[in-house]
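Protein chains: 4
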Amino acid sequence: MKSIFKTSNRNEKDFGFGKIASEENRVRLINRDGSFNVERKGLNFFTSLSLYHFLLDISWPKFFSLIAFGYVLMNLFFTSIYMVIGISAISGHDSSSFWELFANSFFFSVQTSSTIGFGHLLPGNLISNIVVTVESFVGLLSVAVITGLLFARLSKPNAKIIFSKNALISPYKDAKAFMFRIVNARENQLFELDGEVNLILQKIIDGKSQRTFHKLDLEISHLTFFPLSWTIVHPIDSHSPLYNFSEKDFIESDPEFYIFLKGVDDTFNQYVYTRSSYKMSEIIYGAKFESIFDLHKAGEKISIDISRLSHFKKVTLS
Amino acid sequence: MKSIFKTSNRNEKDFGFGKIASEENRVRLINRDGSFNVERKGLNFFTSLSLYHFLLDISWPKFFSLIAFGYVLMNLFFTSIYMVIGISAISGHDSSSFWELFANSFFFSVQTSSTIGFGHLLPGNLISNIVVTVESFVGLLSVAVITGLLFARLSKPNAKIIFSKNALISPYKDAKAFMFRIVNARENQLFELDGEVNLILQKIIDGKSQRTFHKLDLEISHLTFFPLSWTIVHPIDSHSPLYNFSEKDFIESDPEFYIFLKGVDDTFNQYVYTRSSYKMSEIIYGAKFESIFDLHKAGEKISIDISRLSHFKKVTLS
Amino acid sequence: MKSIFKTSNRNEKDFGFGKIASEENRVRLINRDGSFNVERKGLNFFTSLSLYHFLLDISWPKFFSLIAFGYVLMNLFFTSIYMVIGISAISGHDSSSFWELFANSFFFSVQTSSTIGFGHLLPGNLISNIVVTVESFVGLLSVAVITGLLFARLSKPNAKIIFSKNALISPYKDAKAFMFRIVNARENQLFELDGEVNLILQKIIDGKSQRTFHKLDLEISHLTFFPLSWTIVHPIDSHSPLYNFSEKDFIESDPEFYIFLKGVDDTFNQYVYTRSSYKMSEIIYGAKFESIFDLHKAGEKISIDISRLSHFKKVTLS
Amino acid sequence: MKSIFKTSNRNEKDFGFGKIASEENRVRLINRDGSFNVERKGLNFFTSLSLYHFLLDISWPKFFSLIAFGYVLMNLFFTSIYMVIGISAISGHDSSSFWELFANSFFFSVQTSSTIGFGHLLPGNLISNIVVTVESFVGLLSVAVITGLLFARLSKPNAKIIFSKNALISPYKDAKAFMFRIVNARENQLFELDGEVNLILQKIIDGKSQRTFHKLDLEISHLTFFPLSWTIVHPIDSHSPLYNFSEKDFIESDPEFYIFLKGVDDTFNQYVYTRSSYKMSEIIYGAKFESIFDLHKAGEKISIDISRLSHFKKVTLS
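Chains as they are written, first to last, in the working numbering: chain A, 1499 to 1816; chain B, 1499 to 1816; chain C, 1499 to 1816; chain D, 1499 to 1816.
Written as structure tokens, this is what we have:
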């Protein structure tokens, strides 16, 4: 089987974790959500500080909250400058207390930075006129920055593949197979879907527990289209590293399955990647998936019920 | 023939519809406009809700109407807040009736959210000043969101290939061929055009009607450039699943032809994909396309008349 | 030699112009600027109308002029509405003549659509308040559209390869070669440059002049980097369709060379494509390029003088 | 080993520098930061002038400074126009001195171009009303341009690979190897990382010093993921051009190693490219890298300390 990634003389046992991963036993390498279970330190703070990636990756509510917070902060900053300049900074009001001055300064700042400019509050002297010039520029620039960030967030490829909660060891032809099921959670289409499944096993080599890496053969590793669900199947035949494994063998070897999917999103025709993993605790030995199709419906459309994605029934394996 | 998509050990009979499609007889899988004839349900509402893809896919008139509707709605929302605050919320007016108050509140809201700020209507107290602060922020953010959406719509790859209304079974060399004709409806150029045609036939297997899937050989499956029209031809020779089919055989096997095209759009150098299909009712048995070229013109340019794309004349097949 | 484009069972004689091009003698197929010498008609006006591609492809001065024109037009449109409403539409002015009313309406419209809102001119009644609401929305939307268009223009891949004015038939090893020279006119880098040269010859076949298509072998068809110039060379050896051609043969066969280049622009890591062509009138029989390098400079940098790109000296071919 | 770049009949000795680079001895071709050590002249000023690439490539502080400078300049330009029109250009002020007029004109310009429009300063006559129309348009357009530029900067692929300060000649199996170490400085992930190492040696050929180009075999040239560090290793075996080189041979042949890396950035799923180089002065003969892993930690995560990227200890080579 060919890798979904172009390889040259790649070491089959290595897909980016190297020697250390083989020795650090029982550490999950890829979390179920596809993130890496890796900690990086020692980076210069400013080199690693990637405000941009942070602002792209946080959720929408957090993003809008942060922007709103920034808007208030910016106005408070200019408010304090107008207050330092004094009561004459802003004409058109008659503030006798600190809080009245604060309120008028703050609302004048809002009317300036947002470029509303009602005109009942006005810059009162030369210095506040200069501050208004700066604030209007900062206001315009902020709108530009927020627009840029918004579009960057909107144009990020955002495939969302749902994986079945469990992977199964199921009967398959005359033997067994490892299988799991996926579905596209988005309404947009995915094309040219490629799947790759890698396996890490704990083995006793020279009396020492070591990890071994295996790339698994799949029944089908490519789909031209993905309008329905896909059950990805690794047949446990004589070529499989899991050949003749009993349930006990499975538990002892503590297998981890790493899944890599690659497809083309048809909204922007961009490649999208998804990772996930199954550890032994998420694998059901002796089960098969129930149908996801609504077979009773004889209408014009093929119909699937995605809520049944993870449904399986227990079976006895020979 | 190689697939236009990189395949590994792909099952020739499967291009994403799987077993179920083989059993659900007589259901069209891909509609003429390229959409899938598939219904998906059971998805959590919020997971499948993709407002973004919706706003990208609707037509321009609908998009602008929705935005205008949103603009009015947002202003009505803030109008109602100003009205709840009461007559003192906005100074500069003298509203004696509900509708006068409503009108003044609404126009004050418009002048605030759009950041016009004429200044004859002014925030009249602390609470309305705070609401103005919020509204100015919402206004600025809305402009940013609309700008982001607009650009996302503009930068979407938008190939538009026109397919001839009918596919034809035409005389071809000493035998027959399945053929249809396409043209680029846009003024921009397409490069590196790849075509793939798949066929689904109804066959009686073991006394039961079943679907079989076939990938068809094409006379030419790749064009470097696409400045003119392209007649895509599947020769019905001894390698074809349609070999020796009579018109009666065609009708009985209820063939569906699925066409997948892939090319590079030269405006943004992005890959663009197009799908379409022909069912038997759209296939003319015994016809050939009329020329699309203006041959009588001896000028400097090669000239085609796209309105003749679907023109054919009936012929008798041997 | 492999094509720069993935091909399957492609007809070597066809790269998108088909049979018709072989028969329409002496028509240039690709112009020197890379555009196709093709006329398309019969398209429904609204289908082919691609305002978007038009706005992306015009020059910057034209683009800005069009936007300015649109800005004035939009304001004139709203001006006329305010004038139709009458003198009471706008309060704060005392216009006694048509032109005074026109000027005040126009400047009020500008102050509204640009969201300046000075406040000396104000909406004077309900209807003009509604028009102001619409105009503020149109103004905000226009800014969004212009921003989207601007960014679409800015993010368009814009490679600019300069081709030597002439292609040369030069001495090469023991024989001759067809060659031309290119350089990158931009300061950004191009990577993974692939070149392909196709040749069309007029031949007398069966007493009738016909075009034949040939893909030419190149000495080097790929560059990893392109920091300097590149002389693309087709050796005229026994595999070449031009083998043993005398100058007279060249003139009689009226050769056209079509050049296709593909590379990766390192600003956005996008593929960029360039086309060009040489007809016989642009080919010098018996000449070689002068060096483009500043060899006299022994400094730290390799230096080329791009103004010498097209310089050649005449030589006698054996 | 296959190149990371698709090659056809590429001359192994040539990767874009051609013959001249072989003759211009001892000139570094690629700088450590990946830029080319090449000077290009003779280009028409306006052809090479690429303000856009300039504005994309400068640092963020320079970018914002330039924009602020442009904002002030634009306002000064319109200020001068209002001053030329005279005192009646702007109503609402009572400027008795040049500087008062200047200040009022400047702040009126700011309030116009930023679309604040407080309203205490107003256009005073027809001409200044027309100038206000132009300035409002220029202001809106500037925001659009700045937004476009900002997003173009934000969406630029921006991989940042840190290379170990030195490359090492280390013990490797029974022999030696050339190696260096890299790490991803960004928090985002890189996929499908491909590495290519090319070597340029000075050799005495026919009594004349000449450069020879070599592509080096790598122990591993592809990583599926890159969450940790990667030590790229060229084993100096019998296939290596450095086979049996003593430290003296290394110094005499003045080797330059050019590194090209290509990967997929998972934020935008874009290809990113990185270049770097090592000259002899940056190579330690007889050393090996210290571990970058925090082995003492038995926690849940694999931990690396990037500050140790360049740490090595001296060893004696056999």
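Where is the CB? At the ideal position from N, CA and C, for every residue including glycine.
Beta carbon of residue i, beta carbon of residue j: below 8 Å?
i: Glu-1788 (chain C); j: His-1809 (chain C); result: yes
i: Tyr-1776 (chain C); j: Ala-1673 (chain C); result: no
i: Leu-1697 (chain A); j: Phe-1758 (chain A); result: no
i: Asp-1763 (chain C); j: Leu-1652 (chain C); result: no
i: Phe-1649 (chain B); j: Phe-1649 (chain A); result: yes
i: Thr-1772 (chain D); j: Ala-1657 (chain D); result: yes
i: His-1720 (chain D); j: Leu-1699 (chain D); result: no
i: Met-1581 (chain A); j: Leu-1599 (chain A); result: yes
i: Arg-1684 (chain B); j: Thr-1729 (chain B); result: no
Find the residues of chain C that neighbour residue i, judging by a C-beta separation of less than 9 Å, and give them in chain order.
i: Gly-1615 (chain D); result: Gln-1609, Ser-1612, Thr-1613, Ile-1614, Gly-1615, Phe-1616, Gly-1617
i: Val-1536 (chain D); result: Pro-1725, Leu-1726, Lys-1799, Ile-1800, Ser-1801, Ile-1802
Output needed for residue i: all residues of its chain with C-beta closer than 6 Å, excluding positions within five of it in sequence on either side, in chain order.
i: Leu-1726 (chain B); result: Ile-1802
i: Lys-1500 (chain A); result: For Lys-1500 (chain A), the predicted model reports a pLDDT of 33, less than 50, meaning its position is unreliable and no value from the coordinates is stated.
i: Asn-1623 (chain B); result: Ser-1586
i: Val-1681 (chain D); result: Ile-1660, Ser-1727, Ile-1804, Leu-1807
Terminal residues of the continuous alpha helix (DSSP H) containing residue i?
i: Leu-1527 (chain A); result: Per DSSP, Leu-1527 (chain A) belongs to no alpha helix (DSSP H) and is neither H nor E.
i: Gly-1646 (chain C); result: 1624-1653
i: Asp-1555 (chain C); result: 1549-1555
i: Thr-1577 (chain B); result: 1558-1583
Just the chain B side, please: which residues come within less than 8 Å of residue i by C-beta, in chain order?
i: Ser-1662 (chain C); result: Here the premise fails: no neighbours, minimum Cβ distance about 23 Å.
So, for residue i: in the same chain, excluding its five sequence neighbours on each side, which residues have a beta-carbon less than 7 Å away from its beta-carbon?
i: His-1591 (chain D); result: Asn-1602, Leu-1619
i: Met-1778 (chain A); result: Phe-1748, Ile-1749, Asp-1752, Pro-1753
i: Lys-1799 (chain C); result: none
i: Glu-1717 (chain A); result: Val-1731, Pro-1733
i: Ser-1593 (chain C); result: Ile-1585, Leu-1599, Asn-1602
In chain B, which residues lie with their C-beta within 7 Å of the C-beta of residue i?
i: Tyr-1569 (chain A); result: Phe-1635
Kindly list, in the order they appear in chain A, the residues whose Cβ is closer than 8 Å to that of residue i.
i: Val-1641 (chain D); result: Leu-1638, Val-1641, Ala-1642
i: Thr-1645 (chain B); result: Thr-1645, Leu-1648, Phe-1649
Please go through the same chain and pick out, in chain order, the residues whose beta-carbon is closer than 8 Å to the beta-carbon of residue i, but skip the five residues on each side of it.
i: Arg-1806 (chain C); result: Glu-1788, Ser-1789, Ile-1790
i: Gln-1609 (chain D); result: Gly-1615, Phe-1616, Leu-1619
i: Val-1813 (chain B); result: Ser-1668, Pro-1669, Gly-1784, Ala-1785, Lys-1786
i: Ile-1588 (chain B); result: Tyr-1580, Asn-1602, Ser-1603, Phe-1606, Leu-1619, Leu-1620, Pro-1621, Gly-1622, Ser-1626
Starting from residue i, trace the beta strand (DSSP E) in both directions and tell me its first and last residue.
i: Ser-1774 (chain D); result: 1768-1777
i: Gln-1708 (chain B); result: 1706-1713
i: Asp-1752 (chain B); result: Unbroken run through Asp-1752 (chain B): none, as it is neither H nor E.
i: Asn-1602 (chain A); result: Looking at the DSSP string, Asn-1602 (chain A) is not in any beta strand (DSSP E); the run it does join, the alpha helix (DSSP H), is 1596-1611.
i: Lys-1812 (chain B); result: 1810-1812
i: Phe-1678 (chain D); result: 1673-1682
i: Glu-1537 (chain A); result: 1536-1539
i: Thr-1729 (chain B); result: 1727-1734
i: His-1720 (chain A); result: 1720-1723
i: Asp-1692 (chain C); result: 1688-1703
i: Arg-1803 (chain D); result: Sequence check: residue 1803 (chain D) is Asp here, not Arg. 1800-1803 is the extent of the beta strand (DSSP E) around Asp-1803 (chain D).
i: Ser-1668 (chain A); result: 1665-1670
i: Ile-1782 (chain A); result: 1781-1783
i: Phe-1661 (chain A); result: 1659-1661
Give the interface partners of residue i over in chain C, defined as CB-CB distance under 7 Å, in chain order.
i: Tyr-1550 (chain D); result: Leu-1652
i: Lys-1560 (chain D); result: The premise fails here: Lys-1560 (chain D) is roughly 17 Å from chain C at the closest Cβ pair, so nothing lies under 7 Å.
i: Phe-1678 (chain B); result: Chain C residues near Phe-1678 (chain B): none, gap ~15 Å exceeds 7 Å.
Strictly below 8 Å CB to CB, what residues from chain D border residue i?
i: Val-1770 (chain A); result: Asn-1767
Mind pulling the chain C residues with CB within less than 8 Å of residue i?
i: Asp-1764 (chain B); result: Tyr-1771
Cβ pair count under 8 Å reaching 3, the segment 1629-1648 of chain C against the segment 1641-1653 of chain D: yes
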